[in-house]
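If you count the sequence shown from 1, you need to add 1 to reach my numbering. Glycine included, every Cβ here is placed at the ideal spot set by N, Cα and C. Note that this is a predicted model, so its numbers are computed, not measured. As structure tokens, the structure follows; a few thoughts come after it.
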Amino acid sequence: MEMPRLAKRAARESGIKLMVHIGDTEKRYDPTVIRRLLPMLESGDILTHYFTANPGGVLDGNGRLVPEAWEAAKTGVWFDTAHGQGNFSFDIGRRIIDQGLLPHCISTDLTIPGRMRTVHSMTEMITRFLGLGFTLEQVVTMCTSNPAKAIGAEGRLGSLATGRQADISILKIVEGDWTVYDVLGASLPVRQAVVPVLTVKRGDLFQPEWGPRPWGWEPDPGPVRFKSCC
Numbered sequence: 002m003e004m005p006r007l008a009k010r011a012a013r014e015s016g017i018k019l020m021v022h023i024g025d026t027e028k029r030y031d032p033t034v035i036r037r038l039l040p041m042l043e044s045g046d047i048l049t050h051y052f053t054a055n056p057g058g059v060l061d062g063n064g065r066l067v068p069e070a071w072e073a074a075k076t077g078v079w080f081d082t083a084h085g086q087g088n089f090s091f092d093i094g095r096r097i098i099d100q101g102l103l104p105h106c107i108s109t110d111l112t113i114p115g116r117m118r119t120v121h122s123m124t125e126m127i128t129r130f131l132g133l134g135f136t137l138e139q140v141v142t143m144c145t146s147n148p149a150k151a152i153g154a155e156g157r158l159g160s161l162a163t164g165r166q167a168d169i170s171i172l173k174i175v176e177g178d179w180t181v182y183d184v185l186g187a188s189l190p191v192r193q194a195v196v197p198v199l200t201v202k203r204g205d206l207f208q209p210e211w212g213p214r215p216w217g218w219e220p221d222p223g224p225v226r227f228k229s230c231c
């Protein structure tokens, strides 16, 4: 735990937040390390990959949230989901949601390979969280005002208000039948997909490019459903 302690010391001495990546994708460390890590975090620090299924996540061997996670939440630590290529599980997410300790922020941890293979886009992250049962209002908050607060930029970003930077995403919710997948290949059927229409960045307009899939921004098609003929 020497590296996290040194990182926390550097953050404190510099007057900045500490953001900690959890989820040991190479299975090298003690999976209970999370219980020693979380008490190091202070109000305003950020824990990312909150829904990871890799060792070192916030669930114990029985699928229960470790008590230190609850204490971190009370302290004011931000919980960020950061999908990425290896740290997002629908099953883990449902277990956490069912126990009532909801994430504060939705993010992508997007890379070029992730755009093609697992993450695809921020709008697909929104689609997945709607599929997990979050309301549109919750999802918008987790994508806008909460991240702005988490990075200390709420006076400039994260809301449509006088004096804020004119960064606006105009999105459309499309009804249909799709399937989205986590990094383990687990599927989640969704009936609503969020797709981009227009982006405003500091007052400048940008049309969306072609999406991450051959057909654009919508997720993978759902299973074919045959209607009975008799």
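If you check the beta carbons only, do Thr53 and Phe89 fall under 8 Å apart?
Working through the sequence shown from its first residue, we reach residue 53 at position 52. Working through the sequence shown from its first residue, we reach residue 89 at position 88. It is a contact, given that the beta carbons lie within the stated cut-off.
Any 3 or more C-beta pairs closer than 8 Å across the segment 71-81 and the segment 34-46
Here the segment 71-81 lies against the segment 34-46, with 3 or more beta-carbon pairs under 8 Å apart.
What does the Cβ neighbour count give for Ile17, buried or exposed, with the cut at 16 atoms within 10 Å?
Position 16 of the sequence shown, counting from 1, holds the residue named residue 17. Counting the other CB atoms within 10 Å of its CB gives Ile17 a total below 16, which places it among the exposed residues.
By DSSP's criteria, His22 is part of a beta bridge. Which residues make up the other side?
As a first step, residue 22 must be located in the sequence shown, where it is residue number 21. Answer is Thr49, bridged to His22.
Could you check what DSSP says for Lys9 in three-state terms: helix, strand or coil?
Position 8 of the sequence shown, counting from 1, holds the residue named residue 9. It is helical.
Using 10 angstroms around the beta-carbon of Met143, count the other beta-carbons present and answer buried if the total reaches 16, otherwise exposed.
What you label residue 143 is simply residue 142 of the sequence shown in a count that begins at 1. With 16 or more Cβ atoms within 10 Å of its Cβ, Met143 is classed as buried.
Using only the alpha-carbon positions, how far apart do Ser146 and Pro222 sit?
Locating residue 146 in the sequence shown gives position 145, where the first residue counts as 1. Locating residue 222 in the sequence shown gives position 221, where the first residue counts as 1. For Ser146 and Pro222, the distance between alpha carbons rounds to 31 Å.
Given Gly85 as reference, the closest of Pro215, Glu210, Ala194 and Tyr182 once Cα atoms are compared
Within the sequence shown, numbered from 1, the residue matching residue 85 stands at position 84. Closest option to Gly85, Cα to Cα, is Tyr182.
Which of the three DSSP states is assigned to Arg82 in this structure?
Residue 82 sits at position 81 when you count from the first residue of the sequence shown. Note that residue 82 corresponds to Thr in the displayed sequence, not to Arg. Coil at Thr82, not helix or strand.
Could you please give me the residues that DSSP links to Arg214 through a beta bridge?
On the sequence shown, position 213 is the one that residue 214 refers to. Partner(s): Gly217.
Which value, in whole angstroms, describes the spacing of the CA atoms of Lys150 and Asp81?
Taking the sequence shown and counting its residues from 1, the one referred to as residue 150 is at position 149. Taking the sequence shown and counting its residues from 1, the one referred to as residue 81 is at position 80. The straight-line gap from Cα to Cα measures roughly 12 Å.
Opening and closing residue of the beta strand (DSSP E) in which Ser146 lies:
Taking the sequence shown and counting its residues from 1, the one referred to as residue 146 is at position 145. Careful: Ser146 lies outside any beta strand (DSSP E), inside the alpha helix (DSSP H) at Ser146 to Ala151.
Helix, strand or coil for Gln239? Go by DSSP, reduced to three states.
Only positions 2 to 231 of the chain appear in this structure, which leaves residue 239 out of reach.
Cβ atoms of Val21 and Leu60: under 8 Å apart, would you say?
Mapped onto the sequence shown, residue 60 falls at position 59. Mapped onto the sequence shown, residue 21 falls at position 20. Not in contact: Leu60 and Val21 (Cβ atoms no closer than 8 Å).
If we count Cβ pairs, one from each stretch, closer than 8 Å, do we get three or more for the segment 191-211 versus the segment 159-171?
yes
I think Val195 touches Thr128, with their Cβ atoms under 8 Å apart; what is that distance to the nearest whole Å?
Here the question's residue 195 lines up with position 194 in the sequence shown. Here the question's residue 128 lines up with position 127 in the sequence shown. 5 Å between Cβ atoms; contact.
Looking at the unbroken alpha helix (DSSP H) that takes in Phe91, where does it start and where does it end?
Indexing the sequence shown from 1 puts residue 91 at position 90. Run containing Phe91: Phe91 to Gln100, per the alpha helix (DSSP H) assignment.
Thinking C-alpha only, which one of His121, Asp25, Ala83 and Ser108 is nearest Pro213?
Start at 1 with the first residue of the sequence shown, and residue 213 comes out as number 212. When only C-alpha atoms are compared, the closest one is His121.
Whole angstroms are fine: how far does the CA of Ile107 sit from the CA of Pro209?
For the purposes of this step, residue 209 is taken as residue 208 along the sequence shown, with counting starting at 1. For the purposes of this step, residue 107 is taken as residue 106 along the sequence shown, with counting starting at 1. Their Cα atoms are separated by approximately 20 Å.
Three-state class that DSSP yields for Ala194 in the structure shown
In the sequence shown, counting from the first residue as 1, residue 194 sits at position 193. In this structure, Ala194 counts as strand in the three-state DSSP scheme.
Residues near Gly57 in its chain [Cβ-Cβ closer than 7 Å; skip 5 each side]
Mapped onto the sequence shown, residue 57 falls at position 56. Counting only Cβ-Cβ distances below 7 Å, and skipping sequence neighbours, we find Ile23, Gly24, Asp25, Tyr30, Pro32, Val34 and Ile35.
Proximity of Ala83 and Asp46 at Cβ, strictly below 8 Å:
Working through the sequence shown from its first residue, we reach residue 83 at position 82. Working through the sequence shown from its first residue, we reach residue 46 at position 45. It is not a contact, given that the beta carbons lie outside the stated cut-off.
How about Trp218 and Thr119: do their beta carbons lie closer than 8 Å?
The residue labelled residue 218 in the question sits at position 217 within the sequence shown. The residue labelled residue 119 in the question sits at position 118 within the sequence shown. The answer is no: Cβ separation not under 8 Å.
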